[in-house]
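Engineer: Below you will find the structure I want to go over with you.
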Amino acid sequence: MDAEPPHQAETKMLKRHLTLSVICSLLALHPATAQRGVVRVRGVVFDSLRGKPLDNASVSIADGHMTKSTDPSGRFEFDSVPPGTHIITARHALLDSIGLPGLTTKALVTEDGSEVNLSVPSFASMWRVACGERRAPRDSGIVYGTIRDAESSRPIANASVDVSWSDFMLQNQKVVERRWQVDTKSNNQGGYAICGVPTDLADQIRVHAESGESGALELPVGGTRVQRRDLLIAPNDSSTRGRVRGTIIDHLGAIVEGAVIRVDSSSETRSDSAGAFELSRVPAGTREVKILAIGAEPMTIITDILPHETTNLSVQLKPVYTLHTVTTTGNRGVRVFASEFEVRRKSGFGYMQDSTTIVKYNQFVNVLRAIPSLNIQQKPSSLTITVPDGKGGACQPDVLIDGARAAFNHLLDLMPNEIGAVEVYTHPAHIPARFAPVGIQPQCGMILVWTKYGFKNR
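Have a look at this one:
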């Protein structure tokens, strides 16, 4: 048989290539027919630390090409997974908080489908790794992390890490404060772990070494029993300073003017008319930034300040929870009518001052100093107030500003010309029922502050 001319052979080869190309394109348009035997994969992500399913975890499969979120029961489902071995990964903010980048498992997916479960390690297993075989106290947790130099990022060995807290006990009919402290040293890789830290009390962690120190940082109350806290330290001198700048808005996105921004006790400023703020020459290292504003929950942000660099923060404040029995107006909190105030003034149960007296003082805290039975202890960046508890001791009264729960430090930020009235009840039995916590018998007194935004003149 005679051989085909070269040009005819090339033509047939080109047609064959074109046919294959068309077939591949059509298969790409109908992947279900091209991928034979795809199956369904289901599973659950479980939080062993808190003993419940992990809601809204992000679960990925097939190299991240397919991602689902878990439902309130911790379940996820993928519809079209080819059989074979796959890596399944779950990520969640909870995992970030305890220092885990994610939960990962290798699953063999068969033609019948698969059920895959991922679990956060139990507290008992994490305790054994960090703290040894001794039994964990039921109300305690673990704080761990890595200590690094703020300028070079190198691990710091042999740094001192301590966690301290206070609790109160009744002794001889007096409330007595007890101070506790647990400390450790970082290892050669800068790692540390502190075991036995209470999870239901306000803890404070601090690091210091020959090369520098961190600020004093508050640990969150009521979180998980395992917390990761990596810390940067730096010398507290003028050569290792940084800058913090940012903007503050409220929960509705409106600009917040006049909010107090404080870093440790060394730097403080207020947000301007655009909600912006800037603090220069802030000590480097891991620092605590506190934001205080009337009508908003106090916010604490822990951030790393790097030498000679600017840390940018975007802050959105949360509204305070107001009392349901009080009329609310706008986003300023609650209002009280002057007539109501006068009725309580005439009852004689509390100490009352209105704006005509308050405006004569240069600082609002001096108004409080003039009220009998209030014991005021003021430092440059903090305020503590106590009243007699009727048993020979003292206790700290609750503070409400425009009907919303507030901290003593909020009182430092008030100016006399902002205040419409103040009420002080040193005995818990004298607190007006509308301001007492529902279903809870008050154990101490109460200070009610009404700004001119919340004091209605009728």
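Counting in this note's numbering, the sequence shown runs from 227 upward without gaps. Even for Gly, the Cβ is constructed at its ideal location relative to N, Cα and C.
1. Residue 513 and residue 441: beta carbons closer than 9 Å?
2. Cutting at 7 Å between CB atoms, please list the residues of its own chain near residue 634, excluding the five before and the five after it.
3. Counting only the same chain and skipping the five closest in sequence on each side, list residues whose C-beta sits under 8 Å from that of residue 544.
4. Around the C-beta of residue 314, are 16 or more other C-beta atoms found within 10 angstroms, so that it is buried, or is it exposed?
5. So is residue 444 buried or exposed if we call it buried at 16+ other beta carbons inside 10 Å?
6. Would you kindly work out how many angstroms separate the C-alpha atoms of residue 390 and residue 305, rounded to a whole number?
7. Measuring only the C-alpha atoms, how far is residue 362 from residue 371?
8. Quick check: residue 672 and residue 623, are their CB atoms within less than 9 Å of each other?
9. What span of residues does the alpha helix (DSSP H) with residue 319 cover, start to end?
10. How would you label residue 311, buried or exposed, when you count the other beta carbons within 10 angstroms and need 16 or more for buried?
11. Under three-state DSSP, which class holds residue 676?
12. For residue 584, which three-state DSSP category applies?
13. Jot down the residue ranges of each uninterrupted alpha helix (DSSP H) in the stretch 614 to 664, minimum 4 residues, whole runs only, in chain order.
14. Please go through the same chain and pick out, in chain order, the residues whose beta-carbon is closer than 8 Å to the beta-carbon of residue 365, but skip the five residues on each side of it.
15. Below 9 Å between beta carbons: does that hold for residue 482 and residue 639?
16. Going by C-alpha distance, which of 405, 437, 321 is nearest residue 276?
17. With residue 392 and residue 405 assumed to form a contact (beta carbons below 8 Å), what rounded beta-carbon distance in angstroms separates them?
18. Return the chain-ordered list of same chain residues with a C-beta closer than 6 Å to the C-beta of residue 248, the five sequence neighbours on each side being excluded.
Structural biologist: Working from what's here:
1. yes
2. 609, 610, 611, 625
3. 477, 522, 523, 525
4. buried
5. exposed
6. 51 Å
7. 19 Å
8. yes
9. 319 to 323
10. exposed
11. strand
12. helix
13. 634 to 638
14. 424, 425, 426
15. no
16. 321
17. 6 Å
18. Because the pLDDT at residue 248 is just 38, under 50, the model does not fix this residue reliably, and the value given afterwards should be weighed accordingly. Taken in chain order, the list of residues that qualify is empty.
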